[in-house]
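K.L.:
Position one of the sequence shown corresponds to residue 0 (numbering that gives the first Met the number 0), numbered consecutively onward. Beta carbons: idealized from backbone N, C-alpha and C, even for Gly.
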Amino acid sequence: MDQPILVTGAAGFIGFHVARKLLSQGLSVVGVDNMTPYYEPALKEARLAELSTSNHFEFLRLDLADRDKTSALFRKHGFPHVIHLAAQAGVRHSITHPEAYVDANLQGFANVLEGCRHNGCKHLIFASSSSVYGANTRLPFRVSDNVDHPISMYAASKKANELMAHSYAHLFRLPVTGLRFFTVYGPWGRPDMAMWIFTQSILAGQPIKLFNYGNMWRDFTYVDDVVEAVVRLIARPAAPDPEWSGNDPDPATSSAPYRIYNIGNNQPIELLQVVAELEKCLGKQAKRELIPMQPGDVPATYADVDDLMRDVGFRPSTPVEAGIRNFVDWYRGYTGT
(Lines of atoms letter the chains of each structure in order from A and count residues from 1; the text may use other names and numbers.)
(Lines give C-alpha, C1' and ligand atoms only; values in the text may rest on other atoms or scores of the structure.)
Protein backbone atom coordinates (compact mmCIF):
# COMPACT_ATOMS: atom_id res chain seq x y z
CA MET A 1 0.00 0.00 0.00
CA ASP A 2 2.12 2.87 -1.29
CA GLN A 3 -0.70 5.41 -1.21
CA PRO A 4 -2.08 6.66 2.10
CA ILE A 5 -5.16 5.18 3.72
CA LEU A 6 -7.94 7.60 4.59
CA VAL A 7 -9.31 7.27 8.12
CA THR A 8 -12.26 9.54 8.77
CA GLY A 9 -13.08 10.35 12.38
CA ALA A 10 -9.37 9.99 13.16
CA ALA A 11 -9.67 12.09 16.32
CA GLY A 12 -12.51 9.89 17.55
CA PHE A 13 -12.23 6.82 19.73
CA ILE A 14 -12.15 3.98 17.19
CA GLY A 15 -10.66 6.11 14.42
CA PHE A 16 -7.71 7.03 16.63
CA HIS A 17 -6.97 3.40 17.45
CA VAL A 18 -7.27 2.28 13.83
CA ALA A 19 -4.99 5.08 12.62
CA ARG A 20 -2.42 4.32 15.31
CA LYS A 21 -2.40 0.63 14.39
CA LEU A 22 -1.88 1.39 10.70
CA LEU A 23 0.94 3.81 11.50
CA SER A 24 2.60 1.19 13.69
CA GLN A 25 2.67 -1.07 10.63
CA GLY A 26 4.57 1.57 8.66
CA LEU A 27 1.59 2.66 6.57
CA SER A 28 0.74 6.25 5.70
CA VAL A 29 -2.54 7.66 7.01
CA VAL A 30 -4.51 10.77 6.17
CA GLY A 31 -6.82 11.50 9.07
CA VAL A 32 -9.93 13.64 8.81
CA ASP A 33 -12.14 14.96 11.60
CA ASN A 34 -14.40 17.97 12.07
CA MET A 35 -13.61 18.12 15.82
CA THR A 36 -17.26 18.55 16.76
CA PRO A 37 -17.72 19.51 20.44
CA TYR A 38 -20.20 16.69 21.10
CA TYR A 39 -17.79 15.84 23.91
CA GLU A 40 -14.68 17.51 25.30
CA PRO A 41 -12.49 18.54 22.31
CA ALA A 42 -9.36 18.37 24.49
CA LEU A 43 -9.59 14.56 24.40
CA LYS A 44 -9.67 14.64 20.61
CA GLU A 45 -6.69 17.00 20.57
CA ALA A 46 -4.78 14.61 22.85
CA ARG A 47 -5.49 11.71 20.50
CA LEU A 48 -4.28 13.75 17.54
CA ALA A 49 -1.12 14.67 19.43
CA GLU A 50 -0.38 10.96 19.82
CA LEU A 51 -0.92 10.30 16.12
CA SER A 52 1.11 13.32 15.06
CA THR A 53 4.30 11.85 16.52
CA SER A 54 4.44 9.79 13.30
CA ASN A 55 5.87 11.34 10.14
CA HIS A 56 3.44 9.17 8.18
CA PHE A 57 0.35 10.89 9.57
CA GLU A 58 -1.34 13.88 7.96
CA PHE A 59 -4.37 15.50 9.56
CA LEU A 60 -7.03 17.64 7.95
CA ARG A 61 -9.83 19.33 9.87
CA LEU A 62 -12.79 18.86 7.58
CA ASP A 63 -16.55 18.52 7.83
CA LEU A 64 -17.41 15.69 5.43
CA ALA A 65 -20.85 17.24 4.91
CA ASP A 66 -19.03 19.93 2.91
CA ARG A 67 -19.39 18.47 -0.57
CA ASP A 68 -16.80 20.63 -2.33
CA LYS A 69 -14.03 20.20 0.25
CA THR A 70 -14.63 16.47 0.56
CA SER A 71 -14.53 16.08 -3.21
CA ALA A 72 -11.26 18.02 -3.35
CA LEU A 73 -9.73 15.74 -0.69
CA PHE A 74 -10.52 12.62 -2.70
CA ARG A 75 -9.31 14.14 -5.95
CA LYS A 76 -6.01 15.11 -4.37
CA HIS A 77 -5.17 11.70 -2.88
CA GLY A 78 -7.16 9.12 -4.86
CA PHE A 79 -7.33 6.88 -1.78
CA PRO A 80 -7.36 3.19 -2.73
CA HIS A 81 -8.53 2.27 0.79
CA VAL A 82 -10.98 4.28 2.88
CA ILE A 83 -11.97 3.54 6.48
CA HIS A 84 -14.98 5.71 7.23
CA LEU A 85 -15.48 5.97 11.00
CA ALA A 86 -16.65 9.60 11.22
CA ALA A 87 -20.22 9.99 12.45
CA GLN A 88 -22.41 11.80 14.89
CA ALA A 89 -22.64 9.27 17.69
CA GLY A 90 -25.10 8.79 20.52
CA VAL A 91 -28.58 7.26 20.65
CA ARG A 92 -30.03 9.69 23.19
CA HIS A 93 -28.52 12.76 21.52
CA SER A 94 -30.28 11.76 18.30
CA ILE A 95 -33.66 12.13 19.99
CA THR A 96 -33.10 15.82 20.66
CA HIS A 97 -30.74 16.73 17.79
CA PRO A 98 -31.80 14.67 14.75
CA GLU A 99 -30.46 17.32 12.35
CA ALA A 100 -26.90 16.51 13.42
CA TYR A 101 -27.37 12.93 12.22
CA VAL A 102 -28.77 14.01 8.87
CA ASP A 103 -25.76 16.26 8.28
CA ALA A 104 -22.96 14.00 9.50
CA ASN A 105 -24.27 10.50 8.98
CA LEU A 106 -26.29 10.93 5.80
CA GLN A 107 -24.88 13.89 3.89
CA GLY A 108 -21.33 13.19 5.06
CA PHE A 109 -21.52 9.55 4.04
CA ALA A 110 -23.03 10.42 0.66
CA ASN A 111 -20.04 12.67 0.00
CA VAL A 112 -17.63 9.89 0.99
CA LEU A 113 -19.38 7.46 -1.35
CA GLU A 114 -19.09 9.94 -4.19
CA GLY A 115 -15.42 10.51 -3.43
CA CYS A 116 -14.77 6.77 -3.52
CA ARG A 117 -16.81 6.30 -6.68
CA HIS A 118 -14.97 8.92 -8.73
CA ASN A 119 -11.41 8.42 -7.52
CA GLY A 120 -10.54 4.76 -7.83
CA CYS A 121 -11.26 3.45 -4.33
CA LYS A 122 -10.65 -0.29 -4.18
CA HIS A 123 -12.33 -0.88 -0.83
CA LEU A 124 -14.51 1.24 1.44
CA ILE A 125 -14.95 0.05 5.02
CA PHE A 126 -17.57 1.96 6.96
CA ALA A 127 -18.91 1.96 10.51
CA SER A 128 -22.43 0.77 11.08
CA SER A 129 -23.73 -0.10 14.55
CA SER A 130 -25.40 -2.79 16.60
CA SER A 131 -28.16 -0.19 17.03
CA VAL A 132 -29.54 -1.18 13.63
CA TYR A 133 -31.01 -4.31 15.21
CA GLY A 134 -33.51 -2.00 16.90
CA ALA A 135 -36.69 -3.80 17.90
CA ASN A 136 -35.20 -7.25 17.17
CA THR A 137 -35.27 -9.52 20.22
CA ARG A 138 -33.94 -12.86 18.95
CA LEU A 139 -30.40 -13.33 20.26
CA PRO A 140 -27.67 -13.48 19.21
CA PHE A 141 -28.06 -10.82 16.53
CA ARG A 142 -27.09 -12.21 13.13
CA VAL A 143 -26.09 -10.19 10.08
CA SER A 144 -28.62 -12.24 8.12
CA ASP A 145 -31.44 -10.87 10.31
CA ASN A 146 -33.90 -8.32 8.96
CA VAL A 147 -33.15 -4.92 10.53
CA ASP A 148 -36.02 -2.78 9.29
CA HIS A 149 -37.19 -1.58 12.70
CA PRO A 150 -34.71 0.97 14.12
CA ILE A 151 -35.84 2.69 17.33
CA SER A 152 -33.70 5.84 17.22
CA MET A 153 -32.61 8.34 14.61
CA TYR A 154 -29.02 7.26 15.19
CA ALA A 155 -29.93 3.66 14.35
CA ALA A 156 -31.96 4.77 11.33
CA SER A 157 -29.01 6.77 10.01
CA LYS A 158 -26.74 3.74 10.30
CA LYS A 159 -29.26 1.51 8.56
CA ALA A 160 -29.48 4.16 5.85
CA ASN A 161 -25.69 4.04 5.48
CA GLU A 162 -25.88 0.33 4.79
CA LEU A 163 -28.54 0.89 2.12
CA MET A 164 -26.62 3.76 0.53
CA ALA A 165 -23.46 1.67 0.45
CA HIS A 166 -25.27 -1.22 -1.20
CA SER A 167 -26.64 1.03 -3.95
CA TYR A 168 -23.10 2.18 -4.79
CA ALA A 169 -21.83 -1.39 -4.71
CA HIS A 170 -24.62 -2.39 -7.10
CA LEU A 171 -24.48 0.59 -9.47
CA PHE A 172 -20.75 1.28 -9.56
CA ARG A 173 -19.24 -2.03 -8.34
CA LEU A 174 -17.61 -0.20 -5.45
CA PRO A 175 -16.48 -2.83 -2.90
CA VAL A 176 -18.01 -1.83 0.45
CA THR A 177 -17.85 -3.51 3.85
CA GLY A 178 -20.05 -2.37 6.73
CA LEU A 179 -19.13 -3.11 10.35
CA ARG A 180 -21.76 -3.27 13.07
CA PHE A 181 -19.81 -2.38 16.20
CA PHE A 182 -21.06 -3.64 19.57
CA THR A 183 -20.40 -1.39 22.63
CA VAL A 184 -16.73 -0.69 22.02
CA TYR A 185 -14.70 0.31 25.08
CA GLY A 186 -11.08 0.70 26.18
CA PRO A 187 -8.34 3.30 26.65
CA TRP A 188 -9.01 6.67 24.98
CA GLY A 189 -12.74 5.90 25.11
CA ARG A 190 -15.61 8.36 24.85
CA PRO A 191 -16.81 10.38 27.87
CA ASP A 192 -20.46 9.85 26.87
CA MET A 193 -20.27 6.06 27.17
CA ALA A 194 -21.01 3.88 30.18
CA MET A 195 -17.46 2.81 31.02
CA TRP A 196 -16.26 6.42 31.34
CA ILE A 197 -19.41 7.71 33.04
CA PHE A 198 -19.43 4.91 35.62
CA THR A 199 -15.72 5.27 36.39
CA GLN A 200 -15.97 9.03 36.76
CA SER A 201 -19.04 8.80 38.98
CA ILE A 202 -17.65 6.07 41.25
CA LEU A 203 -14.44 8.03 41.85
CA ALA A 204 -16.44 11.19 42.57
CA GLY A 205 -18.81 9.38 44.94
CA GLN A 206 -21.78 10.21 42.72
CA PRO A 207 -24.59 7.77 41.91
CA ILE A 208 -24.52 5.93 38.60
CA LYS A 209 -27.75 5.55 36.65
CA LEU A 210 -28.60 1.98 35.74
CA PHE A 211 -31.36 1.92 33.17
CA ASN A 212 -34.05 -0.76 33.09
CA TYR A 213 -33.34 -1.10 36.82
CA GLY A 214 -29.96 -2.62 36.03
CA ASN A 215 -31.36 -5.42 33.87
CA MET A 216 -29.24 -4.56 30.85
CA TRP A 217 -26.90 -6.83 28.91
CA ARG A 218 -24.27 -5.60 26.49
CA ASP A 219 -21.75 -7.30 24.23
CA PHE A 220 -18.83 -5.16 25.42
CA THR A 221 -16.06 -5.31 22.80
CA TYR A 222 -12.50 -4.26 23.58
CA VAL A 223 -11.12 -1.70 21.17
CA ASP A 224 -7.97 -3.68 20.29
CA ASP A 225 -10.16 -6.53 19.07
CA VAL A 226 -12.17 -4.10 16.96
CA VAL A 227 -8.99 -2.71 15.41
CA GLU A 228 -7.65 -6.16 14.62
CA ALA A 229 -10.84 -7.01 12.76
CA VAL A 230 -10.80 -3.75 10.81
CA VAL A 231 -7.17 -4.11 9.78
CA ARG A 232 -7.64 -7.70 8.65
CA LEU A 233 -10.56 -6.65 6.47
CA ILE A 234 -8.70 -3.86 4.63
CA ALA A 235 -7.00 -6.23 2.22
CA ARG A 236 -10.15 -8.33 1.82
CA PRO A 237 -12.50 -6.21 -0.29
CA ALA A 238 -16.10 -7.28 -0.40
CA ALA A 239 -16.95 -9.53 -3.34
CA PRO A 240 -20.25 -10.62 -4.89
CA ASP A 241 -21.81 -13.69 -3.31
CA PRO A 242 -22.35 -16.22 -6.14
CA GLU A 243 -25.07 -17.94 -4.10
CA TRP A 244 -27.05 -14.78 -3.38
CA SER A 245 -30.63 -14.95 -4.60
CA GLY A 246 -33.29 -12.28 -4.92
CA ASN A 247 -35.89 -14.95 -4.16
CA ASP A 248 -34.45 -15.33 -0.66
CA PRO A 249 -32.23 -12.28 -0.17
CA ASP A 250 -29.54 -12.39 2.52
CA PRO A 251 -29.28 -8.84 3.96
CA ALA A 252 -25.58 -9.31 4.78
CA THR A 253 -24.37 -10.20 1.28
CA SER A 254 -25.31 -9.41 -2.30
CA SER A 255 -24.79 -10.07 -5.96
CA ALA A 256 -22.87 -6.78 -5.68
CA PRO A 257 -19.50 -6.42 -3.88
CA TYR A 258 -21.13 -5.73 -0.52
CA ARG A 259 -20.66 -7.29 2.92
CA ILE A 260 -21.85 -6.67 6.49
CA TYR A 261 -20.13 -8.01 9.62
CA ASN A 262 -20.84 -7.91 13.32
CA ILE A 263 -17.84 -6.83 15.39
CA GLY A 264 -18.71 -7.95 18.91
CA ASN A 265 -17.23 -9.96 21.75
CA ASN A 266 -19.82 -12.72 21.28
CA GLN A 267 -20.22 -12.82 25.07
CA PRO A 268 -22.70 -10.30 26.54
CA ILE A 269 -22.48 -9.45 30.22
CA GLU A 270 -24.89 -7.78 32.59
CA LEU A 271 -24.28 -4.12 33.29
CA LEU A 272 -24.23 -4.90 37.02
CA GLN A 273 -21.20 -7.13 36.40
CA VAL A 274 -19.44 -4.23 34.69
CA VAL A 275 -20.10 -2.09 37.75
CA ALA A 276 -18.72 -4.84 40.01
CA GLU A 277 -15.54 -5.09 37.93
CA LEU A 278 -15.09 -1.31 38.05
CA GLU A 279 -15.55 -1.35 41.82
CA LYS A 280 -12.86 -4.00 42.07
CA CYS A 281 -10.42 -2.06 39.88
CA LEU A 282 -11.12 1.29 41.56
CA GLY A 283 -11.24 -0.06 45.10
CA LYS A 284 -14.43 1.87 45.74
CA GLN A 285 -18.11 1.04 45.96
CA ALA A 286 -20.57 2.51 43.48
CA LYS A 287 -23.76 4.27 44.47
CA ARG A 288 -26.51 2.83 42.30
CA GLU A 289 -29.61 4.59 41.03
CA LEU A 290 -32.02 2.15 39.38
CA ILE A 291 -34.23 3.87 36.81
CA PRO A 292 -36.58 2.84 33.94
CA MET A 293 -35.52 2.10 30.38
CA GLN A 294 -34.79 5.18 28.30
CA PRO A 295 -36.29 5.93 24.85
CA GLY A 296 -34.25 4.45 22.01
CA ASP A 297 -32.49 1.93 24.26
CA VAL A 298 -32.63 -1.89 24.13
CA PRO A 299 -32.29 -4.37 27.01
CA ALA A 300 -29.69 -6.63 25.40
CA THR A 301 -27.16 -6.90 22.58
CA TYR A 302 -25.31 -10.05 21.57
CA ALA A 303 -23.29 -10.44 18.38
CA ASP A 304 -23.04 -13.55 16.27
CA VAL A 305 -19.53 -13.26 14.77
CA ASP A 306 -19.28 -16.56 12.91
CA ASP A 307 -19.04 -14.80 9.54
CA LEU A 308 -16.13 -12.70 10.74
CA MET A 309 -14.34 -15.77 12.07
CA ARG A 310 -14.89 -17.66 8.84
CA ASP A 311 -13.71 -14.87 6.54
CA VAL A 312 -10.74 -13.37 8.41
CA GLY A 313 -9.92 -16.01 10.99
CA PHE A 314 -10.53 -13.73 13.95
CA ARG A 315 -13.03 -13.67 16.79
CA PRO A 316 -12.94 -10.79 19.32
CA SER A 317 -12.19 -12.38 22.69
CA THR A 318 -10.60 -10.01 25.20
CA PRO A 319 -12.09 -10.83 28.63
CA VAL A 320 -14.06 -7.92 30.04
CA GLU A 321 -12.05 -8.15 33.26
CA ALA A 322 -8.81 -7.45 31.39
CA GLY A 323 -10.39 -4.78 29.21
CA ILE A 324 -11.86 -2.90 32.17
CA ARG A 325 -8.54 -3.03 34.02
CA ASN A 326 -6.79 -1.53 30.98
CA PHE A 327 -9.41 1.20 30.69
CA VAL A 328 -9.23 2.11 34.37
CA ASP A 329 -5.43 2.25 34.31
CA TRP A 330 -5.54 4.56 31.30
CA TYR A 331 -8.36 6.71 32.72
CA ARG A 332 -6.59 7.31 36.02
CA GLY A 333 -3.39 8.22 34.22
CA TYR A 334 -5.14 10.52 31.75
CA THR A 335 -7.30 12.32 34.31
CA GLY A 336 -4.88 12.19 37.22
CA THR A 337 -7.52 10.70 39.54
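Which residues in the same chain as Met308 place their Cβ atom closer than 7 Å to its Cβ, once the five residues preceding and following it in sequence are excluded?
P.N.:
On the sequence shown, position 309 is the one that residue 308 refers to. The beta carbon of Met308 is closer than 7 Å to those of Arg314 in its chain, skipping five residues each way along the sequence.
K.L.:
Let me make sure I understand the geometry here. Which of Tyr37, His83, Pro36, Glu242 has the alpha-carbon closest to that of Leu5?
P.N.:
Looking up residue 5 in the sequence shown gives position 6. Comparing Cα positions, the closest option is His83.
K.L.:
Between Phe210 and Ala302, is the Cβ-Cβ spacing less than 8 Å?
P.N.:
As a first step, residue 210 is located in the sequence shown; it is residue number 211 there, counting from the start. As a first step, residue 302 is located in the sequence shown; it is residue number 303 there, counting from the start. Cβ distance not < 8 Å, so Phe210 and Ala302 don't count as in contact.
K.L.:
Just to check my reading of the structure: Leu289 and Gly213 have Cβ atoms closer than 8 Å, yes? What is that Cβ distance to the nearest angstrom?
P.N.:
Along the sequence shown, one-based indexing puts residue 289 at 290. Along the sequence shown, one-based indexing puts residue 213 at 214. Leu289 to Gly213, Cβ: 5 Å. Contact.
K.L.:
What separation, rounded to the nearest whole angstrom, lies between the Cα atoms of Val131 and Gly295?
P.N.:
Position 132 of the sequence shown holds residue 131. Position 296 of the sequence shown holds residue 295. Rounded to whole angstroms, Val131 to Gly295 spans 11 Å at the Cα level.
K.L.:
Helix, strand or coil for Pro40 per DSSP?
P.N.:
In the sequence shown, counting from the first residue as 1, residue 40 sits at position 41. Note: Pro40 maps to helix in three-state DSSP.
K.L.:
What are the residues that DSSP puts in a beta bridge with Leu289?
P.N.:
As a first step, residue 289 must be located in the sequence shown, where it is residue number 290. According to DSSP, Leu289 bridges with Leu209.
K.L.:
Pair every Cβ in the region 312 to 330 with every Cβ in the region 271 to 281, then say whether three or more of these pairs are closer than 8 Å.
P.N.:
yes
K.L.:
Consult DSSP for Glu269 and reduce its assignment to one of helix, strand or coil.
P.N.:
Position 270 of the sequence shown holds residue 269. It is a strand residue.
K.L.:
Is it the case that the region 255 to 269 contacts the region 160 to 172, given that we only count it when at least three CB pairs across the two stretches are under 8 Å?
P.N.:
yes
K.L.:
Starting from the C-beta of Thr61, find all residues in its chain whose C-beta is less than 8 Å away, skip the five residues before and the five after it, and write them out in chain order.
P.N.:
The residue labelled residue 61 in the question sits at position 62 within the sequence shown. The sequence shown places Leu at residue 61, rather than the Thr named in the question. Result list for Leu61: Val31, Asp32, Asn33, Lys68, Thr69, Leu72, in chain order.
K.L.:
Using three-state DSSP, classify Ile150 as helix, strand or coil.
P.N.:
Along the sequence shown, read from residue 1 onward, the residue named residue 150 stands at position 151. In the structure shown, Ile150 sits in coil (DSSP, three-state: anything other than H, G, I, E or B).
K.L.:
Can you name the start and end residues of the beta strand (DSSP E) that Thr257 belongs to?
P.N.:
Within the sequence shown, the letter at position 258 stands for residue 257. Residue identity check: residue 257 is Tyr in the sequence provided, not Thr. Here the beta strand (DSSP E) through Tyr257 covers 257 to 262.
K.L.:
State the DSSP-derived secondary structure class of Ala99, mapped to helix, strand or coil.
P.N.:
Position 100 of the sequence shown, counted from the first residue, corresponds to residue 99. The answer is helix: DSSP assigns Ala99 an H, G or I state.
K.L.:
What would DSSP say about Glu242, mapped onto helix, strand or coil?
P.N.:
As a working note, residue 242 is residue 243 in the sequence shown. Annotated three-state conformation of Glu242 is coil, per DSSP.
K.L.:
Give the single residue among Pro3, Val222, Leu178 whose Cα lies nearest to the Cα of Lys121.
P.N.:
To locate residue 121, count along the sequence shown from 1; it is residue 122. The option with the nearest alpha carbon to Lys121 is Pro3.
K.L.:
Looking at C-alpha atoms only, which residue of Val175, Ala134, Ala159, Gln106 is the closest neighbour of Val116?
P.N.:
Sequence index remark: in the sequence shown, residue 116 carries index 117 (1-based). Contrary to the premise, residue 116 reads as Arg rather than Val in this sequence. Residue Val175 is the option with its Cα nearest to Arg116.
K.L.:
Name the two residues that bound the continuous beta strand (DSSP E) containing Arg331.
P.N.:
On the sequence shown, position 332 is the one that residue 331 refers to. Secondary structure note for Arg331: it is in no beta strand (DSSP E), and the uninterrupted alpha helix (DSSP H) holding it is 319 to 334.
K.L.:
I need the DSSP call for Ala168, collapsed to helix, strand or coil.
P.N.:
Translated into the one-based positions of the sequence shown, residue 168 becomes position 169. Residue state, collapsed to three classes: helix.
K.L.:
Mapping the DSSP letters down to three states, classify Tyr301 as helix, strand or coil.
P.N.:
Residue 301 sits at position 302 when you count from the first residue of the sequence shown. Residue state, collapsed to three classes: coil.
K.L.:
I need the boundaries of the beta strand (DSSP E) containing Phe15, first residue and last residue.
P.N.:
Start at 1 with the first residue of the sequence shown, and residue 15 comes out as number 16. Careful: Phe15 lies outside any beta strand (DSSP E), inside the alpha helix (DSSP H) at 12 to 23.
K.L.:
Taking DSSP's pairing of strands, which residues face Ile124 in a bridge?
P.N.:
Here residue 124 refers to the residue found at position 125 when the sequence shown is read from its first residue. Note: Ile124 sits in a beta bridge opposite Ile82, Thr176.
K.L.:
Quick one, which of Phe108, Thr52, Ala193, Val225 has its alpha-carbon nearest Met215's?
P.N.:
Numbered from its first residue, the sequence shown carries residue 215 at position 216. Selected option, being the one with the closest Cα: Ala193.
K.L.:
What distance in whole Å lies between the Cβ atoms of Ser128 and Pro250, which are believed to be in contact at a cut-off of 8 Å?
P.N.:
Locating residue 250 in the sequence shown gives position 251, where the first residue counts as 1. Locating residue 128 in the sequence shown gives position 129, where the first residue counts as 1. Actually they are not in contact, since the Cβ atoms of Pro250 and Ser128 sit about 15 Å apart, beyond 8 Å.
K.L.:
Anyone know if the C-beta pair for Val146 and Val183 falls short of 8 Å?
P.N.:
The count along the sequence shown starts at 1 and reaches residue 146 at position 147. The count along the sequence shown starts at 1 and reaches residue 183 at position 184. No, the pair does not count as a contact, with Cβ atoms beyond the cut-off.
K.L.:
With distances taken from CA atoms, which of Tyr37, His16, Val17, Val327 is nearest Ser200?
P.N.:
Residue numbering aside, residue 200 sits at position 201 when the sequence shown is read from its first letter. Nearest of Tyr37, His16, Val17, Val327 to Ser200, Cα basis: Val327.
K.L.:
From the DSSP output, read off the bridge partner residues of Thr7.
P.N.:
Taking the first residue of the sequence shown as position 1, residue 7 is located at position 8. In the DSSP output, where bridge partners are listed per residue, Thr7 has Val31, His83.
K.L.:
Going by DSSP, what residue range makes up the beta strand (DSSP E) through Arg60?
P.N.:
One-based indexing of the sequence shown puts residue 60 at position 61. For Arg60, the uninterrupted beta strand (DSSP E) run begins and ends at 56 to 60, by DSSP.
K.L.:
Taking the alpha-carbon positions, what's the Gly77 to Gly114 distance?
P.N.:
Indexing the sequence shown from 1 puts residue 77 at position 78. Indexing the sequence shown from 1 puts residue 114 at position 115. One C-alpha to the other measures close to 9 Å.
K.L.:
Would you say Phe56 and Ala18 are within 8 Å of each other, going by their C-beta atoms?
P.N.:
In the sequence shown, residue 56 corresponds to position 57, counting from 1. In the sequence shown, residue 18 corresponds to position 19, counting from 1. It is a contact, given that the beta carbons lie within the stated cut-off.
K.L.:
Run through the DSSP bridge pairs and tell me what Val90 is partnered with.
P.N.:
Within the sequence shown, residue 90 is the residue found at index 91, counting from 1. Note: Val90 sits in no beta bridge, so no partner.
K.L.:
Let me confirm a value: Pro186 is counted as buried when at least 16 other C-beta atoms fall within 10 Å, else exposed. Which label applies?
P.N.:
Taking the first residue of the sequence shown as position 1, residue 186 is located at position 187. So Pro186 counts as buried.
K.L.:
Quick test of your reading: Leu178 and Ala126, contact by CB under 8 Å. State the CB separation rounded to the nearest angstrom.
P.N.:
The count along the sequence shown starts at 1 and reaches residue 178 at position 179. The count along the sequence shown starts at 1 and reaches residue 126 at position 127. Indeed they touch by this definition, with Cβ atoms about 6 Å apart.
K.L.:
Taking the C-alpha atoms as reference points, what is the distance between Tyr24 and Pro79?
P.N.:
By 1-based counting over the sequence shown, the position of residue 24 is 25. By 1-based counting over the sequence shown, the position of residue 79 is 80. Checking the sequence shown, residue 24 turns out to be Gln, not Tyr. Straight across, the Cα-Cα distance linking Gln24 with Pro79 is about 17 Å.
K.L.:
Might you give, ordered along the chain, the residues of its own chain that have their beta carbon closer than 7 Å to the beta carbon of Gln284, omitting 5 neighbours on each side?
P.N.:
Taking the sequence shown and counting its residues from 1, the one referred to as residue 284 is at position 285. Excluding positions up to five away in sequence, the list reads Glu278.
K.L.:
State buried or exposed for Tyr330, treating a residue as buried only when at least 16 other CB atoms are found within 10 Å of its CB.
P.N.:
For this step, residue 330 is matched to residue 331 along the sequence shown. It counts as buried.
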